[in-house]
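Undergrad: One line per chain: the protein sequences are A, B, C and D, in this order. Heads up: the first sequence is residues 495 to 696, going by my numbering. Heads up: the second sequence is residues 495 to 696, going by my numbering. Heads up: the third sequence is residues 495 to 696, going by my numbering. Heads up: the fourth sequence is residues 495 to 696, going by my numbering. Backbone N, C-alpha and C define an ideal beta-carbon position, used for all residues, glycine too. One structure, pasted below without further comment.
Number of protein chains: 4
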Amino acid sequence: MLVRAKTFTESGRRAQIVEAAIEVIAEVGYAKASFTRIAKHAGLSSTGMISYHFAGKDDLLAVCVAEIERVTGAFMQPRIDAAEGHVAQLRAYVEANVALVGEHPAAVRALIDIVKNRAARSAAVDGRLALFEEHFRAGQAAGVFRPFDARTAAIALTTGLDAVVVTAATDPPGPAELARIGRELADLYVRATAPEAEGGTR
Amino acid sequence: MLVRAKTFTESGRRAQIVEAAIEVIAEVGYAKASFTRIAKHAGLSSTGMISYHFAGKDDLLAVCVAEIERVTGAFMQPRIDAAEGHVAQLRAYVEANVALVGEHPAAVRALIDIVKNRAARSAAVDGRLALFEEHFRAGQAAGVFRPFDARTAAIALTTGLDAVVVTAATDPPGPAELARIGRELADLYVRATAPEAEGGTR
Amino acid sequence: MLVRAKTFTESGRRAQIVEAAIEVIAEVGYAKASFTRIAKHAGLSSTGMISYHFAGKDDLLAVCVAEIERVTGAFMQPRIDAAEGHVAQLRAYVEANVALVGEHPAAVRALIDIVKNRAARSAAVDGRLALFEEHFRAGQAAGVFRPFDARTAAIALTTGLDAVVVTAATDPPGPAELARIGRELADLYVRATAPEAEGGTR
Amino acid sequence: MLVRAKTFTESGRRAQIVEAAIEVIAEVGYAKASFTRIAKHAGLSSTGMISYHFAGKDDLLAVCVAEIERVTGAFMQPRIDAAEGHVAQLRAYVEANVALVGEHPAAVRALIDIVKNRAARSAAVDGRLALFEEHFRAGQAAGVFRPFDARTAAIALTTGLDAVVVTAATDPPGPAELARIGRELADLYVRATAPEAEGGTR
DNA sequence: AATGAATGAGGGTTCATTCAT
DNA sequence: CATGAATGAACCCTCATTCAT
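In structure tokens, the structure reads:
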């Protein structure tokens with residue numbers, strides 16, 4: 495590769511600021527992640543520097559989200575793709591997401607906090623919601639999920655997953671424990687969505 | 495009891511401020527719920543009034559949480575108590591919580607927003623988490639829940655419930671739709687926690 | 495009068511801030527009249543105090559304009575009303591406006607500077623322009639002004655008047671000199687608008 | 495002159511910046527004409543370029559003024575020179591200045607805005623003022639103007655002219671309308687300064 | 001018990017200017 | 001010649017809290 499494309503997170507300072515922002519958000523939370531704190535964390539002398547590199551706070555946050563998704567996607571995507579069938583993919587998604595905590599705890603915590611607090615819902619959160627919903631519908635059509643309300647399930651399960659991930663990320667346990675938690679949660683979700691056994695549940 | 499004791503949320507002004515705070519948080523969100531906005535909403539001429547009646551923002555918020563829990567508890571508790579057995583109570587809790595949206599949408603939204611944003615975890619959230627966890631453990635001992643990780647399940651299911659509730663509270667549907675959503679979510683949770691059927695995982 | 499109505503410039507601090515703002519604008523000009531400077535001039539410890547009393551910079555400026563107009567109107571109106579006929583009133587307006595410099599030099603300079611720089615044209619400037627235009631039209635109908643373009647004349651003569659006033663206000667001369675300048679300018683305007691003499695001008 | 499000397503506004507980049515600055519000032523006004531905006535308008539990647547070519551903001555502005563005067567002078571001077579006599583020249587100046595709006599509306603608006611806002615009075619504005627004053631005195635000596643206060647008249651008439659020009663430049667009308675306005679204004683000024691007719695005015 | 005003015009820190013953003021490359 | 005990152009001050013505004021009355 496002769497010419498390396500310059501992605502929008504690169505250019506040195508920009509990347510540095512984004513990284514600092516992610517760490518600060520992971521540390522003190524979205525609400526207290528001010529430019530001042532981010533600048534200090536990044537070793538910058540003034541907040542003006544951030545405004546110089548980003549159009550505003552929303553812009554910075556959007557870039558942070560994009561960067562985190564890039565990093566986490568690189569970790570999760572192969573694991574999900576390796577699974578075959580709707581059920582296995584659901585399990586793979588959940589387990590990969592929990593395992594991700596071991597690799598990028600700050601990024602994971604920051605992402606969830608940003609998404610939770612942003613007024614304008616990012617494409618990220620809505621995208622994942624739609625993805626789950628669609629996945630459930632497709633699985634139902636294929637007969638591997640029972641005919642529950644796909645939207646309600648998508649909301650409950652994605653946010654439940656987030657909560658487990660955040661809890662784990664707050665004080666990251668070892669890989670084995672993470673794997674166990676991932677398996678537990680996947681079990682929960684697989685059973686919640688599984689087709690009726692003979693006798694029913696109620 | 496002939497004379498009702500004056501609870502600590504009463505005394506006129508205090509109650510008025512708490513009510514205003516809850517409504518403001520429900521309307522504009524925790525982050526933008528400043529004393530100024532709350533005072534304006536309560537018809538107060540200055541924020542000094544709030545500081546006079548409450549030790550600080552944390553105090554006000556704590557009282558708000560307590561008040562909301564009092565109100566919501568009055569709605570939910572009878573419904574939960576009416577259910578017999580761990581499974582039925584789980585279902586009752588979930589359905590009551592969703593139904594609550596129809597009665598107190600502002601309170602419900604405010605509570606979840608406060609709990610989500612408070613640095614210091616309130617006794618409320620931890621209490622409910624412990625409650626669920628304990629409920630799961632007891633049910634497992636009784637053989638009506640399968641032997642999953644009670645803590646992970648408690649985290650995932652309580653927050654999933656919250657998310658469904660918040661979504662519903664944002665634009666509250668009619669009672670019938672709320673009942674349907676409640677049933678859907680309860681189904682999901684009951685199945686997730688149900689003991690193995692004869693043939694494995696279904 | 496038993497109960498004195500509280501006008502919107504009163505209440506102590508508000509009036510003090512308005513006064514300080516007017517003086518600062520007169521001194522350093524609209525562009526450099528920051529809250530910081532105004533607060534310092536008013537003996538306030540922080541700019542927050544100004545924001546506490548006024549909704550924003552625009553609000554403060556609007557109140558300044560209103561206050562100046564109140565003060566200047568009290569000076570000019572009787573003098574204008576005392577004149578009879580369109581020509582005499584034109585002369586009276588011009589002379590009163592120039593004489594005003596001797597009474598309220600800062601207010602006069604501030605007003606013109608605000609009006610000149612405000613993006614949103616105030617009712618003040620447009621009002622005066624319309625007033626002049628209407629006055630010219632009425633005088634033309636009465637045959638005491640010649641049939642010139644009333645709008646162009648209104649623009650040129652009001653701003654010319656402003657310029658003379660500002661120049662005089664920069665280093666206010668004595669009343670006699672002000673009276674002379676007022677008379678000179680009034681002469682200019684009266685002649686510019688006078689009906690044709692027998693021989694014509696061109 | 496075979497080889498044209500390179501004036502100080504030329505040299506490519508400088509001229510480009512000056513042109514951009516004039517356009518930006520005409521568009522958004524003096525107050526909001528920052529280096530950032532000018533650089534963006536000029537297609538420059540940073541404001542450093544401007545600081546590199548000009549000693550400071552005042553310098554840039556001074557060069558802008560000089561450039562505008564060069565351009566406008568080229569339009570107005572021949573028209574003024576073509577007129578004979580003090581009265582005719584006054585008329586020619588006014589009419590040429592208004593007509594100029596049709597040719598260089600941006601330049602005209604920018605010039606007046608700069609002159610209005612600059613703390614340090616430019617040689618330009620003072621020069622024109624002195625020019626008018628001198629012209630009036632000379633005409634008075636020649637008996638073609640009446641013996642008014644030359645300075646007061648110069649102030650009032652030049653700024654009145656500016657105001658008419660700015661108004662016209664804000665939404666430039668066609669040449670015919672401009673010519674009419676110019677004639678109207680010139681009439682006003684010629685009459686204001688004309689010697690007494692037999693009967694007097696007062 | 002209540003008021004409302006005052007405080008001082010901190011929020012994000014824009015600015016003209018500088019300087020190493 | 002030219003770049004663009006860096007600077008540091010200033011901008012208006014909002015905040016929770018305090019305190020004399």
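1. Could you check which residue in C:688, C:689, C:506, C:523 has the C-alpha nearest to that of residue 605 (chain C)?
2. Closer than 9 Å, Cβ to Cβ, to anything on chain A: give me those residues from the region 586-612 of chain B, in chain order.
3. DSSP on residue 545 (chain C), reduced to helix/strand/coil?
4. Give a yes or no on contact between the region 632-649 of chain A and the region 545-561 of chain A, applying the rule of three or more CB pairs nearer than 8 Å.
5. So if I threshold CB-CB distances at 8 Å, which residues from the region 653-678 of chain C count as touching chain D?
6. Rounded to the nearest angstrom, what separates residue 612 (chain A) and residue 664 (chain B) at their Cα positions?
7. So, is residue 564 (chain A) buried or exposed, given that buried needs 16 or more other C-beta atoms within 10 angstroms?
8. Say whether the region 587-604 of chain D touches the region 648-664 of chain D, bearing in mind that this needs 3 or more beta-carbon pairs closer than 8 Å, one atom from each stretch.
9. Is there contact here, the region 675-683 of chain B with the region 621-634 of chain B, by at least three beta-carbon pairs under 8 Å?
10. Give a yes or no on whether the minimum CB-CB distance between residue 650 (chain A) and chain B is below 9 Å.
11. Give the interface partners of residue 647 (chain C) over in chain D, defined as CB-CB distance under 7 Å, in chain order.
12. Compare the beta carbon distance of residue 562 (chain B) and residue 511 (chain B) with 9 Å and say whether it is the shorter of the two.
13. State the DSSP-derived secondary structure class of residue 598 (chain C), mapped to helix, strand or coil.
14. Cβ of residue 552 (chain A) less than 9 Å from any chain B Cβ?
15. So with CB distances below 8 Å, who are the chain C contacts of residue 642 (chain D)?
16. From this set, B:652, B:571, B:597, B:506, which residue's C-alpha is nearest residue 544 (chain B)'s C-alpha?
17. For residue 601 (chain B), count neighbouring C-beta atoms within 10 Å of its own C-beta (all shown protein chains included) and say buried if the count is 16 or more, exposed if not.
18. With a cut-off of 9 Å, does the C-beta of residue 688 (chain C) fall near any C-beta of chain D?
19. Determine the direct distance from the alpha carbon of residue 559 (chain D) to that of residue 596 (chain D), and round the result to whole angstroms.
20. So, using beta-carbon positions, are residue 607 (chain B) and residue 519 (chain B) closer together than 9 Å?
21. Pull up the distance between the alpha-carbon of residue 684 (chain A) and that of residue 566 (chain A), whole angstroms please.
22. Excluding sequence positions up to five away, which residues of its chain have a Cβ less than 6 Å from the Cβ of residue 540 (chain A)?
23. Which residues bound the alpha helix (DSSP H) around residue 683 (chain B)?
24. Look at residue 687 (chain B) and residue 653 (chain A) and say whether their C-beta atoms are less than 9 Å apart.
25. By the three-class DSSP mapping on this structure, what secondary structure does residue 513 (chain C) have?
26. Taking DSSP as the reference, what is the three-state secondary structure of residue 578 (chain B)?
27. Starting from the C-beta of residue 514 (chain A), find all residues in its chain whose C-beta is less than 6 Å away, skip the five residues before and the five after it, and write them out in chain order.
28. I'd like the ranges of any beta strand (DSSP E) spanning at least 3 consecutive residues and lying wholly in the region 620-653 of chain C.
29. Please check the pair residue 650 (chain B) and residue 580 (chain B), which I expect to be a contact at CB under 8 Å, by giving their CB distance rounded to whole angstroms.
30. So, does the CB of residue 549 (chain B) fall closer than 9 Å to a CB anywhere in chain A?
31. DSSP three-state label for residue 593 (chain D), please.
32. In terms of residues, what are the limits of the alpha helix (DSSP H) holding residue 533 (chain A)?
TA: Reading from the atomic positions:
1. Taking each of C:688, C:689, C:506, C:523 in turn and checking the Cα distance to residue 605 (chain C), the smallest one comes out for C:523.
2. The region 586-612 of chain B vs chain A, Cβ under 9 Å: 610, 611.
3. DSSP places residue 545 (chain C) in helix when its eight states are reduced to three.
4. Verdict: no, contact absent.
5. Interface annotation for the region 653-678 of chain C against chain D: 653, 654, 655, 656, 657, 658, 661, 674, 675, 678, criterion Cβ-Cβ distance under 8 Å.
6. Cα-Cα distance, rounded: 15 Å.
7. When all chains shown are included, residue 564 (chain A) counts as exposed.
8. Yes, they touch.
9. Counting C-beta pairs closer than 8 Å gives fewer than three between the region 675-683 of chain B and the region 621-634 of chain B, which falls short of the contact rule.
10. Yes, residue 650 (chain A) counts as interfacial toward chain B.
11. Within 7 Å Cβ-Cβ: 682.
12. In terms of Cβ geometry, residue 562 (chain B) and residue 511 (chain B) do not form a close pair [threshold 9 Å].
13. Of the three classes helix, strand and coil, the one that applies to residue 598 (chain C) here is coil, per DSSP.
14. Chain B contact via Cβ: absent.
15. Ordered by position in chain C, the residues that pass the 8 Å Cβ test against residue 642 (chain D) are 678, 681, 682.
16. Among B:652, B:571, B:597, B:506, the Cα nearest to that of residue 544 (chain B) is on B:506.
17. Counting Cβ neighbours within 10 Å, residue 601 (chain B) comes out buried, since at least 16 surround it.
18. Interface annotation, residue 688 (chain C): in contact with chain D, CB-CB separation under 9 Å.
19. Each residue's CA atom was taken as its position, placing residue 596 (chain D) and residue 559 (chain D) some 19 Å apart.
20. Taking C-beta atoms as the reference points, residue 607 (chain B) and residue 519 (chain B) count as a pair closer than 9 Å.
21. In a straight line, the C-alpha of residue 684 (chain A) is about 23 Å away from that of residue 566 (chain A).
22. Within the same chain, no residue comes within 6 Å of residue 540 (chain A) by CB-CB distance, once the 5 residues on both sides are set aside.
23. Segment 669-687, the alpha helix (DSSP H) holding residue 683 (chain B).
24. No, they are not a contact pair.
25. Secondary structure at residue 513 (chain C): helix, using DSSP grouped into helix, strand and coil.
26. Judged by DSSP in its simplified three-state form, residue 578 (chain B) adopts coil rather than helix or strand.
27. Taking C-beta separations shorter than 6 Å and ignoring five residues to either side along the sequence, the partners of residue 514 (chain A) in its chain run 532, 535, 536, following chain order.
28. Counting only runs of 3 or more, we get nothing.
29. Between residue 650 (chain B) and residue 580 (chain B), the beta carbon gap of about 18 Å keeps them out of contact (Cβ cut-off 8 Å).
30. Proximity of residue 549 (chain B) to chain A, defined by a Cβ-Cβ separation below 9 Å, is not satisfied.
31. The DSSP-derived three-state label of residue 593 (chain D) is helix.
32. 529-536 is the span of the alpha helix (DSSP H), which, as asked, contains residue 533 (chain A).
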